[in-house]
Every structure is written in structure tokens, then in C-alpha cells.
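Chains as they are written, first to last, in this note's numbering: chain P, 95 to 374; chain Y, 17 to 261. Glycine included, each C-beta is placed from N, C-alpha and C at the ideal position. Nothing here was measured: the structure is a model prediction, and the numbers come from that model. Notes follow once the structure below has been shown.
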């Protein structure tokens, strides 16, 4: 792969759910070594976008290329080949509840390589050490805290030394210290090992700390469209009202806090057919 | 419906073809599932089969007494258990306790993103989760059926011995001289077919779960209801085939 080939290339990605456009003509590239932050308000399609990039969902139209290969039309077998080159950290950690912490981290190592058990054990210990969880190998996921689960998830995502790391809200629900730890781990991966990272987040502190490129998806009338793209400095200097509102966390702005009075009354009393009778 | 048949195809591929292409399933997990699906169902299967053997003997004795044919009670019990009630009762027990738990487990894994995590790690969920469960069920249901047959015959013996004055050797002699190997085999053929149906329906329902805890509950209910329905229909069809063939 030449230096110029983007690690991820998304072109005109459209996804509709029952006629509702969740992703609306997205195009962007992620180059090697970048930490791309995908941000946007709740329901803007961030997680949906991520699921399209990892091949878990198929787009209505458009193309997704990973490492220069088109994945939208791929069969499960070919996709499995591409998937060995990236790791993913899920929002909830998504650890297998039936396995211990150590077995969870060992799983991808055992499944994709024929290594001696002593080497697998060593690798598991190294990965857990890296996320600061030495000595927790024998606990079940149900016995550790949410933050620890996420760190185990990260250790598992990094188990095969991937070229590309996806993180779905890696810092949601963590305390501020743990947020920095996860951020620093991600930074170490990208800076020291040249891993490319794609991080979905709406934690602005963490986004500006680790991001080298950022994109923002719109909500409301701009649902599923790219409303801003650039380096963290460019995003900070953005004149787009919705972007400004989002990164400053203001309650009112282009995304309205409340509807105007006329809209409000109309929606409340609305069309008779639109009324619903509740019975609980 | 289409997805169910696709799943069947995938199970066959990952069981019969993929292991020869360097993608084996986990043998250890098969044994683990055999314990969960099969061994743990032993006490209930035993209790149910015993009480069915008991009931059959009492009802049979009642009906046959009027014709002076109580000597046919052991034969009646053995035949009905081997051919019909053994596989059926054990199937029903396994649907209720193992099929439902497989659906609930896979469904919970689906809603907590565990299945998706496996896919992203390029680990095929059919190979990793489903094939061991299918094999465990295919092995353990016939085993449980043979066990249930034996316990059911003991149930028949207890009535025959204590209420109908059969000696133990007479009971055994009466049961086994008239029963033929084919009576046992036809029951086992049934149990193999039941095993496939129960586990594929359970896995299909589990993998199809959507929408959190409520979805898991609904899937578990439909898994049990559909399995029972299809089990009874298949049983009738297979008995008809054996009867007319």
C-alpha cells in the first residue's frame, strides 16, 4: 500500500431506515497515522456510520474502502480477512460474559494464530499490563466495573496489534482520571506504533486532546450530513453555528432548546389523527 | 423462514466442510455444552420418563384387565416408550430446559453486542457458538432418550411388580421377547431428527433477537412454542412414515 492510499475512504455513503435518511451522502478520508474523531449530537448517525465502516451494516448506496479495498460488496470470508487488520472497542466493552478477562483478551490471539500457550499467556499479560489491569485475568466480566470492562475491551482490541483501531464512545461513563488513561493509551498507540484510530465521541475535552482530524455530523435538517471537517484548530475556529454550539456545549442555538410558541401549540393540539391515547 | 434455512446451511458448512479447510470448531466446547444441554437434563428426564412408564402401566392394566390380558402390560409399556413416548418426553424436557436456555443465552449475547464483537474479531459466530451446541444436542438427545427409555421401563416395572404381581424376570421377559430392535431404532431416529430441529430453532431464535430484554423474552417464548409445535407435528409424520412404510 502506498503512502497515499487512505486507510479509510468513504464516498457518498447513504443509509436509509424505512425511508428515513440516517446517513446522507457522507464522504471523507482517513490517512495513515491519523486519529479521526467523529462527533455529533445524539441520533446523528455516528454509531451507524461506524457500523458501516466495519462492515456490520450494508449501505443503501455509496462506497466504503478499508486499506484500499471496497468492503460494501464483500462476502463474509473476504470481510473476515480485512477484519483481522483492525480492532474495535465497543461502547459497552462487549466482553464475552462466559469467559474470564484473560480468556477474552486471549480469544483473538488463539483464534487467529497458532501460538504456544505460554506465549499466549505472556501476550495476554502484556496487553492487560498496558491497560493497567494486571492480576485481573481470572475474574469474569460481571465481577469488574464498567471502566475496567472498557479497558479490557481495549486490551482485546489491541491484542493482535491492529493497524487500525475503532473506538465507539471509549470514554462514556468513565471517571475523569480513567478518561485521561484511555486517551493516553489511544495516543500512545497512534504516536508510537503508527496505528490509525477512528474515535466516535461527544466528550469534547477528550476529542481535542487526542484528535488530529475531526468530522462532525449534523442533526435535524442536516441529519446525516457532514457539517464540518478539519484539524482540531480548524474545528475550534469554525464559524458554523451548529459546530460552535456543540463544542461549547450551549443549550440553545441552531439546534433549538425549545420549539417556538406557534410550533409548540400546533404540535400539542395538532392534527386529530396524530393524537395517541395512552393506556398504561 | 429463509434465514432459518440459511442458518441450517451454515451449520452444515461449519460442521462438515470448514474443519477440513483449517477452520475447526472447538471440541472442548462441545463437551462443555454436552454437560449443560444433556447431563444437567438427566434428573428431569428421568423423573418424567419414570412417571410416564408408571402411568402407562396403570392405564394399560385397567384397559387390558377387562379382556384378561394383563400379561400384555409390560409389552405395552415397552413398545409405547421405545417407539413413541421416550423420544417425545425427553424432547419436550430438553426444549423446556435446554432449548430455551440456548435461545436466551444467544439472545442476550446478541443484544449486548457480544455477537457483533465476535464478527468484528473475524470469529464466525456459527462456528464459535452454534456448531458446538448443535453437536452437543445431536449427541446428547439420543443418549438421554435411551436413558429415558430405560427409566420408563423401570416405571412400568414398579406397577407391574407391586400391583400386578409380575416377578422381575417375568416383567423383563415379557417386555423384551416381544420388542424388536427396530422399536428402539425408530425411537432413536426420531430423537436425532428432534435434536436437529430443537437446537436449530433455538439458535435461530436467539440470533434473531432484537430490542433488549423484552426481545430476549419474546424470542425464548417463540423458541419453546415453535419447537414444541414442530416436534409434535414431526413426531406424527414420522410415526405415519414408520406405520405405512
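For residue i, the nearest candidate out of the options (CA to CA)
{"i": "residue 53/Y", "options": "121/Y, 166/Y, 27/Y", "result": "121/Y"}
{"i": "residue 143/P", "options": "127/P, 162/P, 166/P, 126/P", "result": "166/P"}
{"i": "residue 153/Y", "options": "173/Y, 230/Y, 88/Y, 56/Y", "result": "56/Y"}
{"i": "residue 184/P", "options": "241/P, 283/P, 346/P", "result": "241/P"}
{"i": "residue 337/Y", "options": "258/Y, 190/Y, 89/Y, 180/Y", "result": "Nothing about residue 337/Y can be reported from this structure: the residues present for chain Y run from 17 to 261 only."}
{"i": "residue 179/P", "options": "161/P, 187/P, 190/P", "result": "161/P"}
{"i": "residue 249/P", "options": "343/P, 230/P, 266/P", "result": "230/P"}
{"i": "residue 243/P", "options": "290/P, 191/P, 146/P, 217/P", "result": "191/P"}
{"i": "residue 256/P", "options": "158/P, 288/P, 141/P, 147/P", "result": "288/P"}
{"i": "residue 251/Y", "options": "136/Y, 29/Y, 102/Y", "result": "102/Y"}
{"i": "residue 312/P", "options": "332/P, 137/P, 172/P, 276/P", "result": "137/P"}
{"i": "residue 119/Y", "options": "260/Y, 255/Y, 249/Y, 243/Y", "result": "243/Y"}
{"i": "residue 304/P", "options": "170/P, 222/P, 274/P", "result": "274/P"}
{"i": "residue 178/Y", "options": "32/Y, 17/Y, 22/Y, 77/Y", "result": "77/Y"}
{"i": "residue 139/P", "options": "209/P, 116/P, 121/P", "result": "116/P"}
Classification of residue i by the beta-carbon crowding that lies within 10 angstroms, buried from 16 upward
{"i": "residue 83/Y", "result": "exposed"}
{"i": "residue 95/P", "result": "Interpretation of residue 95/P is limited by its pLDDT of 46, a score under 50 that renders its predicted location unreliable; no figure is taken from the coordinates."}
{"i": "residue 112/P", "result": "exposed"}
{"i": "residue 140/Y", "result": "buried"}
{"i": "residue 148/P", "result": "buried"}
{"i": "residue 351/P", "result": "exposed"}
{"i": "residue 246/P", "result": "buried"}
{"i": "residue 25/Y", "result": "exposed"}
{"i": "residue 19/Y", "result": "exposed"}
Extent of the continuous alpha helix (DSSP H) to which residue i belongs
{"i": "residue 260/Y", "result": "228-260"}
{"i": "residue 174/P", "result": "170-177"}
{"i": "residue 208/Y", "result": "197-223"}
{"i": "residue 111/Y", "result": "Element bounds for residue 111/Y: n/a, residue is neither H nor E."}
{"i": "residue 127/Y", "result": "116-127"}
{"i": "residue 44/Y", "result": "43-49"}
{"i": "residue 63/Y", "result": "58-81"}
{"i": "residue 190/Y", "result": "184-194"}
{"i": "residue 249/P", "result": "240-251"}
{"i": "residue 145/Y", "result": "Segment: none, residue 145/Y is in no alpha helix (DSSP H) and carries neither H nor E."}
Heavy atom of the ligand SAH within 8 Å of residue i beta-carbon
{"i": "residue 149/P", "result": "Absence of the ligand SAH from the depicted structure is noted, as is the absence of any ligand whatsoever, leaving it without description."}
Start and end residues, beta strand (DSSP E) containing residue i
{"i": "residue 118/P", "result": "114-124"}
{"i": "residue 180/Y", "result": "Here residue 180/Y belongs to no beta strand (DSSP E), and DSSP marks it neither H nor E."}
Beta-bridge partners of residue i, as assigned by DSSP
{"i": "residue 180/P", "result": "258/P"}
{"i": "residue 292/P", "result": "130/P, 260/P"}
{"i": "residue 308/P", "result": "131/P, 324/P"}
{"i": "residue 140/P", "result": "In DSSP, residue 140/P forms no bridge with anything."}
{"i": "residue 107/P", "result": "120/P"}
{"i": "residue 102/P", "result": "124/P, 160/P"}
{"i": "residue 317/P", "result": "312/P"}
{"i": "residue 155/P", "result": "108/P"}
Min CB distance residue i to chain A below 9 Å
{"i": "residue 174/P", "result": "Considering every chain present, this structure includes no chain A. Its protein chains are P and Y."}
Between the segment 321-331 of chain P and the segment 297-311 of chain P, do three or more beta carbon pairs fall short of 8 Å? yes
How do the segment 220-229 of chain Y and the segment 106-126 of chain Y stand: do at least 3 beta-carbon pairs fall below 8 Å, yes or no? yes
Say whether the segment 96-111 of chain P touches the segment 148-156 of chain P, bearing in mind that this needs 3 or more beta-carbon pairs closer than 8 Å, one atom from each stretch. yes
Touch check for the segment 44-52 of chain Y and the segment 98-111 of chain Y: three-plus C-beta pairs under 8 Å? Not touching, per the Cβ criterion.
How do the segment 180-197 of chain Y and the segment 232-243 of chain Y stand: do at least 3 beta-carbon pairs fall below 8 Å, yes or no? no
Per the contact definition of three or more C-beta pairs closer than 8 Å, is the segment 196-216 of chain Y in contact with the segment 151-165 of chain Y? Enough Cβ pairs lie closer than 8 Å, so yes.
Would the segment 290-299 of chain P and the segment 192-210 of chain P be scored as touching if the rule is three or more Cβ pairs under 8 Å? No: fewer than three Cβ pairs fall under 8 Å.
Inter-stretch contact at 8 Å, needing at least 3 Cβ pairs: the segment 118-128 of chain P / the segment 334-345 of chain P: no
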